[in-house]
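Asks:
Structural data, given as structure tokens:
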């Protein structure tokens, strides 16, 4: 069974499924606080997730994303704040009664049950009548291309197959909210890229509100309707993948998602919609966007390596540099530049001939500057 | 699955260990069995006979002692499990006082069975601490007979107390191998406390439960020390009966019959528990 064929025939496979349903849930977190030994792992998190939306909590380990997820699932009791599914306060509802389904990093299949019993477990707990159970499990098996594997034990399955059993087990109960706790980190790189597209497609068809936790920015950018970037228990920025990448608002977001040159400098001039910035390696014009700073203020900003390119006649913001490292990546060359003692990251086309030690002239796109809080 | 090559040298290396077992344990079991049929007898002449078996099965005291030991074995193993499993679950989860409780519970491991028996006797004998306390509080008018009682409660209490830490060790390692994610997944899918216990913890801990039940049964069924101190005057346990038959009555061949019965019962119970475990977990 090839994993890639999993959802390749969308219409046909999904038509027979009444797993996707009209009842969906909004999720609201109001000032959520969760402390461990008096240290706030989640610190006043406020978030509203729309019905059917796919929201990713992204951040480094220890940022509180998994704690937030586990609090939504009910494994942790919040110390402060409220959790609502639609209008219903969930704080005191035990995990078993919340009707969420969680996909675990370890898959967490029941090792003593075969594939069928694993998938049917949630239905048994809900006391769904036998014939209905059979129908739904069979559908889930078919949807996940697991037909014929009902009698296998989890230990006899590959990682990818276990993952599919875990997904089948999660959706078969028709949860109000799907929760994903880094579900792809145990798969190899290729499978990971494939499965994340499939999870996204499945979620869109079933229309189940989903919260997805990951530390992998590529995964977050690829899969989400909206990304919530978290750091030290707090939300840094919320936005769709494009705005998070193109318009980071804090140095943390700029640095965590993609590569960025994060610098600070003084505003030395202002005209119309542009500001001139004084940097150790020259003066540069940048589009101000919503920047309120006036002349004399010091501001912090970032720009992406792909906005620092080799100078061409008429190009903006010239900067003379020495090439420190040139790393060939296949589709581009990753560059470390020295601009009068300041290190800059830049990109060059893969055909460029650049060696460490070369002197070169680069230019920085004036639209690329993102001013940070 | 990868199969490792086993050379004849490897088998040679096994000889000291396996050879010892075969030679001493194997031969003594063999002689016990032959003796029960009168062959290779140490007392009287050696001749094949089933008279010894017949005699044992017509002897009321022997039959009573077999049944009594069987009862004590089963109740002690089940009793220990019922006490140990909740403690093992608590220790797995942790919480306040976990370390203290864990070390407190290990104390009986360092106390020999006979000493343990005498310690408990202080508590539950006719004029022991428990009875005196109940009398003083006016809860009972007459001391309760908890020791050398006909049913064998005294023996069972001592067995449970003595073997609790041992069973706890086995169960704890069994429970420790269950991942927290597995429990969370079950709760997430709608399992309440009861379902988590009987559909996840118990089946996954079944190998440990089984091993501890079997070992406990074997200990309690063949026990000599505790039975001789705290057991009823009649019937004697099978081990006591065997000792009496061999040393008091000098009927070694009949004692051999009882020995074989102990071995066979142990094997049968082991088999029975395994079937029971398969039935509970629903797998082979």
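Chains as they are written, first to last, in the working numbering: chain F, 2 to 374; chain A, 264 to 547. Glycine is no exception: its CB is placed at the ideal position from the N, C-alpha and C atoms. Small disclaimer: the values here were computed from a predicted structure and weren't measured.
1. Taking residue 360 of chain A as the query, report the chain F residues whose CB atoms sit under 7 Å from its CB, ordered along the chain.
2. Would you give the residue range spanned by the alpha helix (DSSP H) that residue 169 of chain F belongs to?
3. Using beta carbons (cut-off 8 Å, strictly below), is residue 137 of chain F in contact with chain A?
4. Using beta carbons (cut-off 8 Å, strictly below), is residue 42 of chain F in contact with chain A?
5. Measure how close the beta-carbons of residue 252 of chain F and residue 186 of chain F come, nearest whole angstrom, since I'm counting them as under 8 Å.
6. With a floor of 4 residues, list each alpha helix (DSSP H) that falls wholly inside the segment 296–381 of chain A, ordered by position along the chain.
7. Does DSSP classify residue 469 of chain A as helix, strand or coil?
8. So which residues of chain A does residue 109 of chain F contact, with C-beta pairs closer than 8 Å?
9. Check the Cβ of residue 458 of chain A against every Cβ in chain F and list those closer than 7 Å, keeping chain order.
10. Since residue 349 of chain F and residue 334 of chain F are thought to touch, with beta carbons under 8 Å apart, how far apart are those beta carbons, to the nearest angstrom?
11. Would you call the segment 525–542 of chain A in contact with the segment 297–306 of chain A, where contact means no fewer than 3 C-beta pairs closer than 8 Å?
12. With 8 Å set as the bound, which would you pick, yes or no: does the beta-carbon of residue 105 of chain F sit closer than that to a beta-carbon of chain A?
13. Would you say residue 141 of chain F reaches chain A, if we count a Cβ-Cβ gap shorter than 8 Å as a contact?
14. I want to verify the contact list: residues of chain F whose CB lies under 8 Å from the CB of residue 472 of chain A, in sequence order.
15. Are residue 533 of chain A and residue 426 of chain A closer than 8 Å when you measure CB to CB?
16. Would you list, in sequence order, the uninterrupted beta strand (DSSP E) runs of no fewer than 3 residues that lie entirely inside the segment 286–374 of chain F?
17. For residue 283 of chain F, go through chain A and note every residue whose CB falls closer than 8 Å to its CB, in chain order.
18. Using three-state DSSP, classify residue 227 of chain F as helix, strand or coil.
19. Alpha carbon to alpha carbon, how far is residue 371 of chain F from residue 316 of chain F?
20. In the DSSP output, what is residue 277 of chain F paired with across the bridge?
21. Whole angstroms are fine: how far does the CA of residue 54 of chain F sit from the CA of residue 542 of chain A?
22. What number of angstroms, rounded off, separates the C-alpha of residue 194 of chain F from the C-alpha of residue 218 of chain F?
23. Assuming the contact rule is C-beta atoms closer than 8 Å, residue 148 of chain F and residue 442 of chain A should be a hit. Round their C-beta distance to whole Å, please.
24. For residue 423 of chain F versus residue 74 of chain F, is the C-beta spacing smaller than 8 Å?
25. Report the start-end ranges of each beta strand (DSSP E) in the segment 73–138 of chain F that is 3 residues or longer and not cut off at the edges.
26. Alpha carbon to alpha carbon, how far is residue 514 of chain A from residue 284 of chain A?
27. Under 8 Å between the Cβ atoms of residue 346 of chain F and residue 260 of chain F?
28. For residue 252 of chain F, which of helix, strand or coil comes out of DSSP?
29. On the criterion of 16 or more Cβ atoms from any shown chain inside 10 Å, does residue 88 of chain F qualify as buried, or is it exposed?
30. From residue 96 of chain F to residue 291 of chain A, what does the alpha carbon distance come to, in whole angstroms?
31. Just verifying my parser: in three-state terms, what is the DSSP assignment at residue 217 of chain F?
32. DSSP three-state call for residue 22 of chain F: helix, strand or coil?
33. Checking the sheet assignment: what are the DSSP bridge partners for residue 1 of chain F?
34. Just checking my contact of residue 375 of chain F with residue 447 of chain A at CB under 8 Å: how many whole Å lie between their CB atoms?
Replies: With the structure as the only source:
1. Chain F residues near residue 360 of chain A: none, gap ~18 Å exceeds 7 Å.
2. First-last of the alpha helix (DSSP H) with residue 169 of chain F: 160–172.
3. No, because no Cβ of chain A sits closer than 8 Å to the Cβ of residue 137 of chain F.
4. Chain A contact via Cβ: absent.
5. With 8 Å as the limit, residue 252 of chain F and residue 186 of chain F do not qualify as a contact, their Cβ atoms being about 26 Å apart.
6. For the segment 296–381 of chain A, whole alpha helix (DSSP H) runs of length 4 or above, ordered along the chain, are 314–321, 323–356 and 361–369.
7. Note: residue 469 of chain A maps to helix in three-state DSSP.
8. Those within 8 Å of residue 109 of chain F in chain A are 442, 444, 445, 447 and 448.
9. Within chain F, the C-beta atoms nearer than 7 Å to that of residue 458 of chain A come from 126, in chain order.
10. That pair is a contact at about 4 Å.
11. Two segments are said to touch when three or more pairs of C-beta atoms, one from each, lie closer than 8 Å; by this definition the segment 525–542 of chain A does not touch the segment 297–306 of chain A.
12. Judged by the 8 Å Cβ criterion, residue 105 of chain F is in contact with chain A.
13. Output row for residue 141 of chain F: interface = no.
14. Ordered by position in chain F, no residue passes the 8 Å Cβ test against residue 472 of chain A, which lies about 13 Å from the chain.
15. Cβ atoms of residue 533 of chain A and residue 426 of chain A: not closer than 8 Å.
16. Counting only runs of 3 or more, we get 299–304, 309–311, 319–329, 333–340, 343–350, 360–365 and 371–373.
17. Among the residues of chain A, none has a CB under 8 Å from the CB of residue 283 of chain F; the nearest is roughly 54 Å distant.
18. Assignment of residue 227 of chain F by DSSP, reduced to helix, strand and coil, places it in the strand class.
19. Residue 371 of chain F and residue 316 of chain F have their C-alpha atoms some 19 Å from each other.
20. As computed with DSSP, residue 277 of chain F is found in a beta bridge with F:270 and F:286.
21. Between residue 542 of chain A and residue 54 of chain F, the C-alpha separation is close to 45 Å.
22. Taking C-alpha positions only, residue 194 of chain F is separated from residue 218 of chain F by approximately 12 Å.
23. Rounded, the Cβ-Cβ distance is 28 Å, inconsistent with contact.
24. Within the shown structure, residues of chain F are numbered from 2 to 374, placing residue 423 of chain F beyond reach of any answer.
25. Every beta strand (DSSP E) of 3 residues or more that sits fully in the segment 73–138 of chain F is shown, in chain order, as 81–86 and 101–104.
26. If you take the alpha carbons of residue 514 of chain A and residue 284 of chain A, they lie about 27 Å apart.
27. In this structure, residue 346 of chain F sits near residue 260 of chain F, with a CB-CB distance shorter than 8 Å.
28. Judged by DSSP in its simplified three-state form, residue 252 of chain F adopts helix.
29. With fewer than 16 Cβ atoms within 10 Å of its Cβ, residue 88 of chain F is classed as exposed.
30. About 58 Å.
31. Here residue 217 of chain F sits in coil by DSSP.
32. Per-residue confidence for residue 22 of chain F stands at a pLDDT of 47, beneath the threshold of 50, marking its modelled position as unreliable; the derived number appears in the next sentence. Annotated three-state conformation of residue 22 of chain F is coil, per DSSP.
33. What the structure shows of chain F is the stretch from 2 to 374, and residue 1 of chain F is not part of that stretch, so it cannot be assessed.
34. The displayed coordinates of chain F run from 2 to 374. Any statement about residue 375 of chain F would go beyond what the structure contains.
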